[in-house]
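Undergrad:
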Amino acid sequence: MFTRFATRTLAVAAVLLLFAVPAQAQEMDEKPGTIVEIAQSNDDFSTLVAALKAAGLVETLSGEGPFTVFAPTNAAFEKLPEGTLDNLLKEENKAQLTAILTYHVAPAKAMAEDVVGMEEAPTVQGQPVQIMVEDGTVMLQGDNTATVTMTDIQASNGVIHVIDTVLMPPSGDDMEDKEMEDEGR
């Protein structure tokens, strides 16, 4: 019933399948890259990678972790007022850039299902980022608000959640007001 063509086609398909399955299994066994490697491999994070380099944070975020990084895209950096990014990337502003970037990093691995149940997350910068969930959308708040647009990008040393705005740490006055609220004054 099978023609010679059909038999040959099935044989070729079977051989291709034998070669494809081990390659696919090998890819699945490979560990994902570090947070920095994943960011470097995605053009949408080229500005973030440049900022991490300028702040001297590449080695840290390539380390063991675990970390949760709320990663602003290039479009998020473009929302900054004109000249802000260029100014932050200057050597004399390294401390300010480092403070901003470390405000995007939690010193633990928090998957999306963990984040939605939190009111705030500690950051490497020291001040917690506030977390709000409205209609299933997660937003982070510091001095401004960012929306989480993609979640759970697995890295070997943590997880990345993509955000649409560069978060700015709360200013000192905001922190004093928050502390007074927390103390019930």
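So the sequence shown is residues 21 to 205, counted in my numbering.
Here a beta-carbon is modelled for each residue, glycine too, at the ideal position from N, C-alpha and C.
Remember, predicted model here, so these are calculated numbers, not experimental data.
Under 7 Å between the Cβ atoms of A59 and T118?
TA: no
Undergrad: How is the beta strand (DSSP E) around D172 delimited, first residue to last?
TA: Taken as a continuous stretch (DSSP letters only), the beta strand (DSSP E) holding D172 covers T165 to A175.
Undergrad: Quick check on DSSP: helix, strand or coil for A128?
TA: coil
Undergrad: Looking only at DSSP bridge pairs, what is T157 linked to?
TA: E154
Undergrad: Restricting to Cα atoms, I'd like to know which of N177, K110, Y123 and P127 is closest to I183.
TA: Y123
Undergrad: In three-state DSSP terms, what is Q136?
TA: It should be noted that the sequence gives Val, not Gln, for residue 136. V136: coil per DSSP, three-state reduction.
Undergrad: Hey, quick one: how far does the alpha helix (DSSP H) through T185 stretch, first residue to last?
TA: First-last for T185: undefined, no H or E at that position.
Undergrad: Whole angstroms is fine: what's the gap from A132's alpha carbon to L121's?
TA: 20 Å
Undergrad: Could you check whether the segment 101-116 touches the segment 63-82, counting it as contact only if at least three pairs of C-beta atoms, one from each stretch, sit closer than 8 Å?
TA: yes
Undergrad: Going by Cα to Cα distance, which pick from M159, T93, E102 and H181 is closest to K129?
TA: Among M159, T93, E102 and H181, the Cα nearest to that of K129 is on H181.
Undergrad: Would you mind reading off the limits of the alpha helix (DSSP H) that contains V78?
TA: V78 to L81
Undergrad: Measure the alpha-carbon distance for Q147 versus P189 and round it to whole angstroms.
TA: 7 Å
Undergrad: Take every Cβ of the segment 65-72, pair it with every Cβ of the segment 80-92, and state whether three or more of those distances are shorter than 8 Å.
TA: yes
Undergrad: If I follow the unbroken alpha helix (DSSP H) through V69, where does it start and stop?
TA: S66 to A75
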